[in-house]
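Undergrad: Residue numbers (our numbering): 22 to 98.
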Amino acid sequence: MSTNALSKETELRLTEFFNNSIDSKSMAKTIRQVNFLIALNAIREDGFMKTETVNIEDGFFWLNELAEILDPYLGIE
């Protein structure tokens, strides 16, 4: 796992984006929908993404992590 620190400017821009530009629940829902479509396409092996399997796996993981940060869903019992 990478531990690169974000610059202050980047932190400010991300904070502004998530606080003012988008509803976190809507963003999490959209991320989950996109992840579902990516996974479904990969499962069907349409050939469209065969060469990108590793990138798809990494992207799927990190997008789910972001969705959980924005709107915890999987940790709810």
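Cβ coordinates follow ideal geometry from the N, Cα and C atoms, glycine included.
Between the C-alpha atoms of Ala-26 and Leu-87, what's the straight-line distance to the nearest angstrom?
TA: If you number the sequence shown from 1, residue 26 lands on position 5. If you number the sequence shown from 1, residue 87 lands on position 66. Approximately 17 Å between the Cα atoms of the pair.
Undergrad: Going by C-alpha to C-alpha distance, which of Asn-41, Leu-91, Tyr-94, Phe-57 sits closest to Glu-78?
TA: Sequence index remark: in the sequence shown, residue 78 carries index 57 (1-based). Checking every option, the nearest Cα to that of Glu-78 belongs to Phe-57.
Undergrad: Between the Cα of Ile-52 and those of Leu-84, Asp-92, Tyr-94, Arg-65, spot the shortest distance and give me the residue it belongs to.
TA: As a position in the sequence shown, residue 52 is number 31, starting the count at 1. Among Leu-84, Asp-92, Tyr-94, Arg-65, the Cα nearest to that of Ile-52 is on Leu-84.
Undergrad: Please report the residue range of the alpha helix (DSSP H) in which Leu-35 lies.
TA: If you number the sequence shown from 1, residue 35 lands on position 14. Note, Leu-35: alpha helix (DSSP H), 29-37.
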